[in-house]
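Numbering of the sequence shown is given in our numbering, commencing with residue 24 and proceeding in unit increments.
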Amino acid sequence: MSMMYKSYQFRLYPNDKQIIMIQKTFGCTRLVYNYYLEKRKKENTTCFDTIKDLPNLYSEYPFLKEVDSCSLRCSLFDLDDAFKRYFHKQTNYPKFKGKYSSKRSYRTNYITNNYKEKRYENIRVDLKRKVIILPKLKEVKIRGYRNLETLPGRIINATISENSSGKYYASVLVEVNHIVPKIIPKTIVGIDLGIKDVVITSDGEKVKNEKIIEKYEKRIKRKQRELSRREKGSSNYYKTKRKLAILFQKLKNARKHFIHQITKKLVLENDIVVSETLKAKEMIEEKKFSKYLTDVSLSEICRILEYKAKYYGKRYIQIDSYYPSSQECSRCGYKNEKVKDLSVRNWLCPECGSYHDRDINASMNILFEGIKMYMKEFI
Ligand SMILES: [Zn+2]
Numbered sequence: 024m025s026m027m028y029k030s031y032q033f034r035l036y037p038n039d040k041q042i043i044m045i046q047k048t049f050g051c052t053r054l055v056y057n058y059y060l061e062k063r064k065k066e067n068t069t070c071f072d073t074i075k076d077l078p079n080l081y082s083e084y085p086f087l088k089e090v091d092s093c094s095l096r097c098s099l100f101d102l103d104d105a106f107k108r109y110f111h112k113q114t115n116y117p118k119f120k121g122k123y124s125s126k127r128s129y130r131t132n133y134i135t136n137n138y139k140e141k142r143y144e145n146i147r148v149d150l151k152r153k154v155i156i157l158p159k160l161k162e163v164k165i166r167g168y169r170n171l172e173t174l175p176g177r178i179i180n181a182t183i184s185e186n187s188s189g190k191y192y193a194s195v196l197v198e199v200n201h202i203v204p205k206i207i208p209k210t211i212v213g214i215d216l217g218i219k220d221v222v223i224t225s226d227g228e229k230v231k232n233e234k235i236i237e238k239y240e241k242r243i244k245r246k247q248r249e250l251s252r253r254e255k256g257s258s259n260y261y262k263t264k265r266k267l268a269i270l271f272q273k274l275k276n277a278r279k280h281f282i283h284q285i286t287k288k289l290v291l292e293n294d295i296v297v298s299e300t301l302k303a304k305e306m307i308e309e310k311k312f313s314k315y316l317t318d319v320s321l322s323e324i325c326r327i328l329e330y331k332a333k334y335y336g337k338r339y340i341q342i343d344s345y346y347p348s349s350q351e352c353s354r355c356g357y358k359n360e361k362v363k364d365l366s367v368r369n370w371l372c373p374e375c376g377s378y379h380d381r382d383i384n385a386s387m388n389i390l391f392e393g394i395k396m397y398m399k400e401f402i
């Protein structure tokens, strides 16, 4: 038995009063984040220092007292994580949060205590009555998970967010007991990840983006052109902008759903899944495609593969070094520099005469590299 985390997302239907409180909390968590980012830029302070200092900020900004204090502490944890990622060279230096940044959200941690033998919990989900109890908001109407009677584990935290089309959500993270099946690996697959063909497997299968995703992409391009024709600040300009935001959201949801589908299929059908490290590759692909296409990044696919594999008792292996998988002949190992050019889709190996599909050949190499890594574990 092991502990796993699972998140449950609910659509929220807050009333007017609750909307005001949510918006206030967005504002206050952002203020705290930015205030201490400024401070940490100037002096060497730790996360612990900022938490200790937080009550002092209340006298300067008394309205901070109105919102859930736990959410303010959470934004200090987020700030600390941003610095940690920066120090580990994973991201750029932390940035200030803008009022109109695309992601408007705050997080609050679950707290429980027994006061006078009465159990108190700051976050609770009642699926029968279709409400979530959140700090300072009390009961908010929810929708989602009709087939569940209760959440199957201990609540860790909740993230409340508003998307670009003005809808509210709560994502509740739950710790669940999960029995991971013991599996002796018999099947292995190598996968090459891309944007046009999302997944190319060493079995020769190419998974393309779903039609619905392409449809949204086309509509987004059309709307973007329309927006550029509109006079900035006019009512039509905002109308188009809002429609565009809704389309982006739909695209995001469709892609998320799609990624969950393909990763699940890969993990269920194979005992070991091997993919490459994506840093260098992402940069190449990002140049070719506009930003919104890489919205759900390739590394997100890897992250999902990792936890799904764990969940089903399978293995996910990521080849650790950058490796020219597309340039090497998977049959004889000959390195063909000409394949560096991304427009070369098929090539004939001058050494052994094999005819290769660029991506399938790459996924074969990834497979072989994965087998090597797997075998090393037994030596
Ligand atoms: Zn060859």
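Note that the Cβ used here is the ideal one computed from N, Cα and C, for glycine as well.
Q.
From the DSSP secondary-structure annotation, give me the bridge partner or partners of E185.
A. R127 and Y191
Q. Any idea what DSSP makes of G121, helix, strand or coil?
A. coil
Q) What's the C-alpha gap between L371 and N359? A) 10 Å
Q) On the three-state DSSP scale, how would you describe E172? A) coil
Q | Given 8 Å, three or more beta-carbon pairs between the segment 326-335 and the segment 366-382 | A | no
Q. Quick one: does the C-beta of C355 sit closer than 7 Å to a heavy atom of ligand 2?
A. With respect to ligand 2, the structure shown offers nothing to examine, as its ligands consist of ligand 1.
Q: Note down, one range per segment and in chain order, each beta strand (DSSP E) of at least 3 residues found wholly within the segment 137-174.
A: 141-144, 147-149, 154-157 and 161-166
Q.
Do G393 and I295 have their beta-carbon atoms positioned less than 8 Å apart in this structure?
A. yes
Q | Contacting residues, own chain, Cβ-Cβ under 8 Å from R53 (five flanking each side not counted) | A | S98, K120 and K122
Q: Look at C93 and N57 and say whether their C-beta atoms are less than 8 Å apart.
A: no
Q) Relative to the alpha-carbon of K190, which residue among M398, L216, I389 and Q272 has its alpha-carbon at the smallest distance? A) Restricting attention to M398, L216, I389 and Q272, the CA atom closest to the CA of K190 is found in Q272.
Q) Does DSSP classify S298 as helix, strand or coil? A) strand
Q) Closer than 7 Å: is that where the CB of E392 sits relative to any heavy atom of ligand 1? A) no
Q: Indicate whether D382 and I223 have their beta-carbon atoms separated by less than 8 Å.
A: yes
Q. Residues bridged to T210 by DSSP?
A. DSSP output for T210 lists no bridge partner at all.
**Q.** Every unbroken beta strand (DSSP E) inside the segment 86-117 [3 residues or more]
**A.** none
Q | Continuous beta strand (DSSP E) assignments of at least 3 residues falling wholly in the segment 57-86 | A | none
Q) Buried or exposed: where does E254 fall if 16 or more other Cβ atoms within 10 Å of its Cβ makes it buried? A) exposed
Q: Enumerate in chain order the residues of its own chain whose CB-to-CB distance from K179 is below 8 Å, with the five nearest sequence positions on each side excluded.
A: This sequence places Ile at residue 179; Lys is not what is there. Y28, N132, Y133, L196, V197 and E198.
Q | Anticipated Cβ contact below 8 Å, V163 with L35, distance rounded | A | 5 Å
Q) When DSSP labels each residue in this structure, what does Q32 get in the three-state scheme? A) strand
Q.
Can you determine whether any heavy atom of ligand 1 sits closer than 7 Å to the C-beta of E374, and answer yes or no?
A. yes
Q.
Can you list, in chain order, the residues of its chain with a C-beta nearer than 7 Å to that of E89? Leave out the 5 residues immediately preceding and following it.
A. K47
Q: Taking only heavy atoms of ligand 1 into account, decide whether any of them is closer than 7 Å to the Cβ of S377.
A: yes
Q. With 16 as the cutoff for other CB atoms within 10 Å, does Y143 come out buried or exposed?
A. Looking at its Cβ environment, which holds fewer than 16 other Cβ atoms inside 10 Å, Y143 is exposed.
Q. For the alpha helix (DSSP H) that Y261 lies in, which residues bound it at each end?
A. S258 to E292
Q) Of the residues P347, Y84, R152 and S82, which one's Cα is nearest the Cα of D364? A) P347
Q. Whole-angstrom Cβ separation of D215 and S322, contact assumed at under 8 Å?
A. Contact flag wrong, Cβ pair sits at about 15 Å.
Q: Using three-state DSSP, classify K219 as helix, strand or coil.
A: coil
Q) Since D380 sits in a beta bridge, which residues does DSSP pair it with? A) N369
Q: Verify the contact flag: C352, CB atom, against every heavy atom of ligand 1, threshold strictly below 7 Å.
A: yes
**Q.** Between the CA atoms of E61 and T114 - distance to the nearest angstrom
**A.** 18 Å
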